[in-house]
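Report on the structure given below.
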Amino acid sequence: MNISEILTITIVLAAVFAYINHRVIKWPPTIGIMVLSLGTSIFLAVLGKFHPFLSDKAIQLASSIDFRDVLMNFMLSFLLFAGAIHIDAAKLKKEALPVMLLSTLGILISTFLVGAMVWYLFVLFSLPIPFIYCLLFGALISPTDPIAVLAILKEAKIPSSLEVKISGESLFNDGVAVVVFITLLEASRSGAADISVLNVGKLFLQEAVGGLLFGAALGYIGYYALRSIDDYKVEVLITLAIVMGGYFIADHLHVSGPLAMVVAGIITGNKARNGALSDLSRDYLGKFWELIDEILNAILFLLIGLEMLIIKINIDVLIIGMISIALVLLARWISVFFPILLLRYKIKFEKHTVAILTWGGLRGGLSVALALSLTPDMHRDEFVLITYIIVVFSILIQGLTIGSFTKRLLQTAP
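First residue of the sequence shown: 79, per my numbering; consecutive thereafter.
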């Protein structure tokens, strides 16, 4: 299939599924679209036993889409910028310490815990995998995705400070997790003899600190450009240039593009709200990025569902994946508990923060994309299947129950 055919079919399917969800299922859009996509994939797989034509076409479509390339090199920059542009910097500043600790220390704790537990699990099943590759899996499965859960949490009327913690942590831990993943990936490729704390630390700092600084520079360049004119069409175009050009340059500078997009989005959004734009421009800019966010998320969750058609199934790995759901949740609880424990004497946390952050820590497309970026010798097939199982459970079970779960906890809070 050529690019125009793939894009046309994908957009049409996303629109059809979004319509059905809105009229019939009435679930959060991203969850509803993914469920319909997943159900369609299963139906086509079964139908393929009797009428292979439709199944073959669907598999051809799924195989034609490089999920990793589409998400990592295109969609992620837009999604992170669109999420960050609506973050209130004043509220984020008040929650800066817990957000930073959860998105850094929390990611590192989760990475090593998940890596160690999954390594031992593979040993129990007589499928030993080198520890460094298990750590890579720990890094790719640790970032949380707020897309499907934030709307539900707003309906649950959670305290705004807790909402900022969840959204702020998820935006930053996406970037931090990518940096950790890239660092471990480079370490695994260079071999044990070339691995040193100094080299790993240098690479991590280059990616993370470089990304934050470059993102700040992008944000302020964009702010001064926006402030100097009053034409919403040009101003929207400038923000597109910040995202697309900035992500492209970040890649060539070998700094973290995801972190750069988060920082640039926060600065651009808050400067725009504080007088850099006219009311008309501010309204158009906000609605434009809200629309981009909704469309890309619809496509992303559609693609997650379609990926099922081409994932290789192994019974032992399937069982390991089911067990890993509990292990990842345990690691998430520990990675939230300890940062909050360190801060509890300095900062007041809402009741049941650990439980809400644990169950609300959904995994999404980023984890699938990072798993797909592994090479076959890194046990790509095994980790893709396990990742897919965890992501589907996370979105379907956690995503559909987090609203009632949060309401029940808050109602029982003394």
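From the three backbone atoms N, C-alpha and C, an ideal C-beta is built for every residue, glycine too.
When the Cα of residue i is compared with those of the options, which residue comes out closest?
i, options, result
"isoleucine 165", "Glu368, Gly246, Lys424, Leu213", "Gly246"
"valine 177", "Ser359, Glu241, Leu315", "Glu241"
"phenylalanine 259", "Pro454, Lys485, Ser445", "Ser445"
"lysine 390", "Thr86, Ala123, Ala96", "Ala123"
"alanine 92", "Leu405, Leu378, Leu407, Leu387", "Leu378"
"isoleucine 207", "Met112, Glu264, Ile103, Arg458", "Arg458"
"alanine 174", "Phe250, Ala376, Gln138, Thr465", "Phe250"
"leucine 384", "Ala140, Leu421, Ala338", "Ala140"
"threonine 189", "Phe215, Met456, Leu170", "Phe215"
"phenylalanine 209", "Leu263, Lys172, Leu291, Gly184", "Leu263"
"phenylalanine 282", "Asp308, Ile307, Ala255", "Ala255"
"glycine 438", "Ile236, Ile89, Val102, Ile307", "Ile236"
I need the boundaries of the alpha helix (DSSP H) containing residue i, first residue and last residue.
i, result
"proline 107", "107-125"
"isoleucine 81", "81-98"
"glutamine 476", "Neither: glutamine 476 is in no alpha helix (DSSP H) and is coded neither H nor E."
"histidine 330", "310-331"
"arginine 410", "393-421"
"serine 155", "154-162"
"glutamate 368", "357-384"
"valine 102", "Careful: valine 102 lies outside any alpha helix (DSSP H) and carries neither H nor E."
"arginine 208", "It is worth fixing the name first, because residue 208 is proline in this sequence and not arginine. Unbroken run through proline 208: none, as it is neither H nor E."
"isoleucine 236", "Where isoleucine 236 is concerned, there is no enclosing alpha helix (DSSP H), given that its DSSP letter is neither H nor E."
"threonine 431", "431-437"
"proline 336", "335-349"
"lysine 169", "167-172"
"serine 146", "First, the amino acid is wrong: residue 146 is arginine here, not serine. 145-148 is the span of the alpha helix (DSSP H), which, as asked, contains arginine 146."
"serine 445", "443-450"
According to the neighbour-count rule (16 or more other Cβ atoms, all chains shown, within 10 Å of its Cβ), is residue i buried or exposed?
i, result
"glycine 117", "exposed"
"aspartate 223", "buried"
"asparagine 348", "buried"
"glycine 323", "exposed"
"glutamate 460", "buried"
"lysine 311", "exposed"
"alanine 271", "Confidence is the limiting factor: at alanine 271 the pLDDT is only 48, short of 50, which leaves the residue's position unreliable, though a coordinate-based value still follows. That one is exposed."
"lysine 243", "buried"
"leucine 369", "exposed"
"proline 336", "buried"
"proline 106", "buried"
"phenylalanine 200", "buried"
"glutamate 83", "exposed"
"threonine 490", "exposed"
"tyrosine 198", "exposed"
"proline 454", "exposed"
"phenylalanine 203", "exposed"
"asparagine 352", "exposed"
"proline 130", "exposed"
How many whole angstroms separate the CB atoms of residue i and residue j, which I take to be in contact at a CB cut-off of 8 Å?
i, j, result
"lysine 471", "isoleucine 403", "The sequence shown places phenylalanine at residue 471, not lysine. Confirmed, Cβ separation roughly 5 Å."
"glycine 279", "alanine 342", "The pair is not a contact, with the Cβ atoms about 25 Å apart (cut-off 8 Å)."
"alanine 449", "leucine 218", "6 Å"
"alanine 303", "isoleucine 316", "5 Å"
"leucine 180", "valine 462", "Leucine 180 to valine 462, Cβ: 27 Å. No contact."
"phenylalanine 159", "valine 287", "The pair is not a contact, with the Cβ atoms about 20 Å apart (cut-off 8 Å)."
"glutamine 476", "leucine 435", "No, glutamine 476 and leucine 435 are not in contact; Cβ-Cβ is about 12 Å, not under 8 Å."
Going by the C-beta, is residue i closer than 7 Å to any heavy atom of the ligand NAP?
i, result
"lysine 171", "The model on display carries no ligand, and the ligand NAP is accordingly not part of it."
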